[in-house]
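Input: a single structure, listed below in structure tokens.
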């Protein structure tokens, strides 16, 4: 039994000459093949029923412990060994006591071995932790060394950047003084030009009002003449019709009239033809006068709009000169949309937004809108384009000009989560400040504008965002 316990303990812990220790947390019984912990393994060997034991009757047979009683009943030498059993009873008591002492010693040894195994395991963990700490310290030292090198490079770069910024600051101050002087001169030139333009606009307004009064007087006179001619011609035509009816009645009553009546009838027919031709000429002249009046009305409306655009442009030039709206963002509210749409259908008018800039001292921009469309898109779509105008700071800007912008028709639903704006992206290009720009138009169908809440209270909100 002690040899079996020793074999099991040797399987639990193996300690070769090298420092490697292999620990088995469970061991299997050699007799019943069951697995047990180190603490319960020794106790199992004492009580295991499959342990082979030699027959006490000296029949040279090894029987499992659980079948020993049945074997003793069948063994031939059992009767001869009864006397020997009596003699060995006292020896068995001594053996039991010895076995008990051995079990206690084996339990103590297993406890000591488990403690040693735990200590060895902790030592292995400590050795592993020490190795990891040494690796970590090595990495920290390398990182510290690299960090010091990076800090030194950053300090050198900071010194260089500080020197460059100092030079740039000095250059910016010089440039700022130069820009201030240029701006002052431009403001003076702009003020003189604006004064001259204001005088020209006043003179033009007075001329337009004078010509408009004259045109109104001439139109009234023409209308009076046309009405008088129509009235006279109508009276003549009525009289001639009556006279012809009388003549026809006389002709009917006098069928056998002479050649004199025939000549009179021919003369009357000729006069009737002359009167009809006069009536046709008069109608043609009336139509021509009507078309002339419409053309004059259209030209007058366009002249008035040009004057209003010039006034708006002057106001916007003042705003640009005073550095307003330089963020590349514009929200334009078009009021009285229905009225302006009818004017566009009748006079082909163009709506111009307020002038704005993509940045401080940047390009001068303006959005132009044809409410009734243009060309093949006329009558069904809204046509718009973003123009790059001649600005005060064009000599200081980079050319060619390339800009990208978003044109947004705002949804006026009143609920931000339900609003769905209509967005169009356009690209604006201009070669130089004195180059005539080829506009890039985009269209928005009238059905889209009248859908959802884009048009509300007869007002339309158009937003422009310059992206780059």
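Residue numbers (UniProt numbering): 1 to 468. Ideal Cβ placement from N, Cα and C applies to all residues, glycine included.
Q) What first and last residue would you give for the beta strand (DSSP E) that runs through residue 444? A) 442 to 445
(Q) Taking 8 Å as the threshold (C-beta atoms), are residue 372 and residue 345 in contact? (A) yes
Q | Assigned exposure category for residue 355 - 16 Cβ within 10 Å defines buried | A | buried
Q) When you compare only the Cα positions, how much space is there between residue 320 and residue 357? A) Only weak support exists for where residue 320 lies, its pLDDT of 49 falling under 50; the coordinates are left without a value.
**Q.** Rounded separation between residue 51 and residue 112 - CA only
**A.** 26 Å
(Q) Please state the DSSP three-state secondary structure of residue 114. (A) Assignment of residue 114 by DSSP, reduced to helix, strand and coil, places it in the helix class.
Q.
For residue 26, report the span of its beta strand (DSSP E) as first-last.
A. In this chain, the beta strand (DSSP E) harbouring residue 26 covers 26 to 28.
Q: For the segment 305 to 393, list the beta strand (DSSP E) runs that are entirely contained and at least 3 residues long, ordered along the chain.
A: Positions of the beta strand (DSSP E) runs, each at least 3 residues long and wholly inside the segment 305 to 393, are given as 329 to 334, 364 to 370 and 381 to 389 in order along the chain.
Q. Which full runs of the beta strand (DSSP E) of 3+ residues lie inside the segment 118 to 169, going along the chain?
A. Entirely contained in the segment 118 to 169, not one beta strand (DSSP E) run reaches 3 residues.
Q.
Extract the residue ranges of the beta strand (DSSP E) inside the segment 42 to 78, only unbroken runs of 3 or more that lie entirely within it.
A. 52 to 54 and 62 to 64
Q: From the DSSP output, in three-state form, read off residue 420 for me.
A: Reduced to three states, the DSSP call for residue 420 is coil.
Q: Could you pull the start and end residues of the beta strand (DSSP E) that residue 463 belongs to?
A: 459 to 466
Q: Over the uninterrupted beta strand (DSSP E) stretch that includes residue 402, give me the two end residues.
A: 401 to 409
**Q.** Cβ-Cβ distance between residue 444 and residue 382 below 8 Å
**A.** yes
Q: Run the CB neighbour count on residue 33, radius 10 Å, all protein chains shown included, and call it buried at 16 or more, exposed below.
A: exposed
Q. Exposed or buried, residue 336, counting other C-beta atoms within 10 Å across all chains shown (16 or more means buried)?
A. exposed
Q. Within the chosen definition, does the segment 233 to 242 reach the segment 270 to 281 through at least 3 CB pairs nearer than 8 Å?
A. yes
Q. Can you tell me whether residue 106 is buried or exposed, with buried defined as 16 or more other CB within 10 angstroms of its CB?
A. buried
Q. Which residues share a DSSP beta bridge with residue 455?
A. 460
(Q) Please classify residue 178 as buried or exposed, where buried requires at least 16 other C-beta atoms within 10 Å of its C-beta. (A) exposed
Q | residue 450, DSSP secondary structure in three states | A | helix
Q | Cβ distance (whole Å) where residue 464 is taken to contact residue 367 below 8 Å | A | 6 Å
Q) Hey, how far is the Cα of residue 342 from the Cα of residue 292? A) In this structure, the alpha-carbon of residue 342 lies about 21 Å from that of residue 292.
Q. Does the count of Cβ pairs from the segment 299 to 307 and the segment 201 to 211 closer than 8 Å reach three?
A. yes
Q) What does a CB cutoff of less than 7 Å around residue 411 pick up in its chain, not counting 5 residues either side in sequence? A) 419, 420, 421, 452, 453 and 454
Q. Any idea which residues DSSP pairs residue 285 with across the strands?
A. According to DSSP, residue 285 bridges with nothing at all.
Q. Per DSSP, residue 175 is paired with what?
A. Bridge partners of residue 175: none, in fact.
Q) Between residue 217 and the rest of its own chain, which residues show a CB-CB distance below 6 Å, the 5 nearest in sequence each way excluded? A) none
Q. Does the ligand PLP have a heavy atom nearer than 7 Å to the CB of residue 208?
A. The ligand PLP is absent from the structure shown, which contains no ligands of any kind.
(Q) Just list the residues that DSSP pairs residue 37 with in beta bridges. (A) Paired residue(s): 26.
**Q.** Alpha-carbon to alpha-carbon, residue 328 and residue 148
**A.** 45 Å
Q | Through-space distance from residue 172 to residue 374, alpha-carbon basis | A | 47 Å
Q | Sub-8 Å separation of residue 459 and residue 333 beta-carbons | A | At a Cβ-Cβ threshold of 8 Å, residue 459 and residue 333 count as neighbours.
Q. Mapping DSSP to helix, strand and coil, what is residue 428?
A. strand
Q: Pick out whichever of 133, 57 and 65 has its Cα sitting closest to the Cα of residue 74.
A: 57
Q: Could you name the residues of the same chain whose beta carbon sits closer than 8 Å to that of residue 448, not counting the 5 residues immediately before and after it, in chain order?
A: 409, 422 and 454
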